[in-house]
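Working notes, beginning with the structure itself.
Residue numbers (our numbering): 71 to 468.
Right, dumping it as structure tokens:
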């Protein structure tokens, strides 16, 4: 069976984007019990609509409920899972053994995927979860391809999913206390403040004279990002992962923009479909990212921290959302300023991908020509030789 491309969707619009650009399935959060509490997330009605939409085009939708549950949560969880079963989501992603128990008894037809938060790192743990009724394990990010292959050989019945791209947590399998300690917002309850991305400095108190002074960190005169993990990028190793038994390639990013998702999903979709890998590799440099790493997939790695900065910008500037084409003009909602004469590039899942054109003629909403598209979220008409589609994007090389 061909591996699945699984993408994040922090909102209904992002779900449409992910599926438009080639994801086979999406994972979303509800308004409760998700580890991305500050994404837009889905109400029950929105989830019902999203599930119907995904199923109508042959795609799947998974719902995250992967908080570390407390006693008070369980009075709601039983009815919540019954509702999800009725909605028809394809699986629920959980991390807590107690929550697994509740799903099995309250919604027995609901497939259970075990979250990476459960930090499953060995074949015996995978075997245990299979015997508890879990149909898929999302493996801990600390595993190597070799270890994954051993797990698959030991428990071939269970589906294995692994992250292949995106931000990584400095803590073991994302089980982090840093945000709660520094800001009172618990990562394990979905409220991470991403304190690992902050710039840190060291201050020393002289015990003899009581004076306090800053101590330099030599990596950078502005301080250093000592907890800031590099971003995962397994684009070049997808075939090895599939041979090791991975059935689902997961992209991180429920808090990321639709443009980011479109770019990354498009890159992985094309690579998985056998297109030129170098094209996809360039695409992953187009969006903001940290220095890339394969983390522990190839074995031990002591170089996973990005000391230089919190995040570098990509090679392209996101210009506009395409709303459609009419009479030789692309209708686009502006996101970043552009001018007459700029060379714009198309981001699309179809044959228009990477085509460029010069914005020789720009009209505003009233049909008045302009040489400066500077109003954010204004609808502009741009003369374009291609038939672009709603859901495509325009960008400009920086």
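We put the CB at the ideal spot given by N, CA and C, even for glycine.
Inset, instruction - Measure the Cβ-Cβ separation of residue 209 and residue 180 and say whether it is below 9 Å. - result: To locate residue 209, count along the chain shown from 1; it is residue 139. To locate residue 180, count along the chain shown from 1; it is residue 110. Contact flag unset, no.
Legend entry - Backbone secondary structure at residue 372 - three-state DSSP: On the chain shown, position 302 is the one that residue 372 refers to. Three-state result, residue 372: coil.
Legend entry - Stretch pair the region 196-205 + the region 160-177: three plus CB contacts closer than 8 Å: yes
Inset, instruction - Pull up the distance between the alpha-carbon of residue 146 and that of residue 452, whole angstroms please. - result: Locating residue 146 in the chain shown gives position 76, where the first residue counts as 1. Locating residue 452 in the chain shown gives position 382, where the first residue counts as 1. If I take the Cα positions, the gap works out to 51 Å.
Inset, instruction - From the DSSP output, in three-state form, read off residue 424 for me. - result: On the chain shown, residue 424 is found 354 positions in, with the first residue counted as 1. Here residue 424 sits in coil by DSSP.
Inset, instruction - Find the nearest neighbour of residue 313 within the set 222, 126, 197 and 378, judged by alpha-carbon distance. - result: In the chain shown, counting from the first residue as 1, residue 313 sits at position 243. Answer by Cα proximity: 222.
Inset, instruction - Report the residue from 154, 376, 459 and 372 whose alpha carbon sits nearest the alpha carbon of residue 391. - result: By one-based count along the chain shown, residue 391 stands at place 321. Comparing Cα-Cα distances from residue 391 to each of 154, 376, 459 and 372, the minimum goes to 459.
Inset, instruction - Identify which residue in 143, 140, 265 and 159 has its Cα closest to the Cα of residue 124. - result: In the chain shown, residue 124 corresponds to position 54, counting from 1. Taking only the C-alpha atoms, the option nearest residue 124 is 159.
Legend entry - Alpha carbon of residue 89 to alpha carbon of residue 281, nearest angstrom: Within the chain shown, residue 89 is the residue found at index 19, counting from 1. Within the chain shown, residue 281 is the residue found at index 211, counting from 1. For residue 89 and residue 281, the distance between alpha carbons rounds to 58 Å.
Legend entry - Contacting residues, own chain, Cβ-Cβ under 8 Å from residue 119 (five flanking each side not counted): What you label residue 119 is simply residue 49 of the chain shown in a count that begins at 1. Same-chain partners within the cutoff: 82.
Legend entry - Counterpart residues of residue 303 in DSSP-defined beta bridges: Numbered from 1 along the chain shown, position 233 holds the residue referred to as residue 303. In the DSSP output, where bridge partners are listed per residue, residue 303 has 235.
Legend entry - Supposed contact pair residue 393 and residue 351 - C-beta distance, whole angstroms, cut 8 Å: Here residue 351 corresponds to residue number 281 of the chain shown, with the count starting at 1. Here residue 393 corresponds to residue number 323 of the chain shown, with the count starting at 1. Actually they are not in contact, since the Cβ atoms of residue 351 and residue 393 sit about 30 Å apart, beyond 8 Å.
Inset, instruction - Starting from residue 466, trace the beta strand (DSSP E) both ways and give me its first and last residue. - result: Working through the chain shown from its first residue, we reach residue 466 at position 396. It spans 463-467 - the beta strand (DSSP E) in which residue 466 sits, taken as one unbroken run.
Legend entry - Of the residues 420, 446 and 439, the one placed nearest residue 406, counting alpha carbons only: Here residue 406 corresponds to residue number 336 of the chain shown, with the count starting at 1. When each option's Cα is compared against that of residue 406, the closest is 446.
Legend entry - Counted within 10 angstroms of its Cβ, other Cβ atoms place residue 126 as buried (16 or more) or exposed: Stepping through the chain shown from its first residue, residue 126 is reached at position 56. Classification of residue 126: exposed, given that the 10 Å Cβ count is below 16.
Legend entry - Span separating the alpha-carbon of residue 310 from that of residue 423: Taking the chain shown and counting its residues from 1, one reaches residue 310 at position 240. Taking the chain shown and counting its residues from 1, one reaches residue 423 at position 353. Their Cα atoms are separated by approximately 27 Å.
Inset, instruction - Quick one: give me the first and last residue of the alpha helix (DSSP H) that residue 145 is part of. - result: For this step, residue 145 is matched to residue 75 along the chain shown. From DSSP, the alpha helix (DSSP H) with residue 145 extends over 144-157.
Inset, instruction - Please report how far the alpha carbon of residue 130 lies from the alpha carbon of residue 96, in whole angstroms. - result: Here residue 130 is taken as the residue at index 60 of the chain shown, counted from 1. Here residue 96 is taken as the residue at index 26 of the chain shown, counted from 1. Distance between the alpha carbons of residue 130 and residue 96: 6 Å.
Inset, instruction - Look at residue 80 and residue 135 and say whether their C-beta atoms are less than 9 Å apart. - result: Working through the chain shown from its first residue, we reach residue 80 at position 10. Working through the chain shown from its first residue, we reach residue 135 at position 65. Their beta carbons are not under 9 Å apart, which means residue 80 does not touch residue 135 by this criterion.
Legend entry - Assumed close pair residue 356, residue 384 - CB separation to whole angstroms, cut-off 8 Å: Counting from 1 along the chain shown, the entry for residue 356 is found at position 286. Counting from 1 along the chain shown, the entry for residue 384 is found at position 314. Yes, they are in contact, since the Cβ atoms of residue 356 and residue 384 sit about 5 Å apart, within 8 Å.
Legend entry - CA-to-CA distance, residue 154 to residue 166, given in whole angstroms: As a first step, residue 166 must be located in the chain shown, where it is residue number 96. As a first step, residue 154 must be located in the chain shown, where it is residue number 84. Their backbone Cα atoms lie some 17 Å apart in a straight line.
Inset, instruction - Excluding the 5 residues preceding and the 5 following residue 426 in the sequence, name in chain order all residues of the same chain whose CB lies nearer than 7 Å to its CB. - result: To locate residue 426, count along the chain shown from 1; it is residue 356. For residue 426, where only same-chain residues beyond five positions count, the Cβ hits under 7 Å are 413, 414 and 415.
Legend entry - Every unbroken alpha helix (DSSP H) inside the region 186-220 [4 residues or more]: 193-201
Inset, instruction - Tell whether a beta-carbon distance below 9 Å holds between residue 338 and residue 465. - result: For the purposes of this step, residue 338 is taken as the residue at position 268 of the chain shown. For the purposes of this step, residue 465 is taken as the residue at position 395 of the chain shown. No, these two residues do not count as a Cβ contact at 9 Å.
Legend entry - Same chain only: Cβ atoms within 8 Å of residue 168, ignoring 5 sequence neighbours per side: Taking the chain shown and counting its residues from 1, one reaches residue 168 at position 98. Excluding positions up to five away in sequence, the list reads 139 and 144.
Legend entry - Through-space distance from residue 434 to residue 397, alpha-carbon basis: As a working mapping, residue 397 is identified with position 327 in the chain shown. As a working mapping, residue 434 is identified with position 364 in the chain shown. Their Cα atoms are separated by approximately 15 Å.
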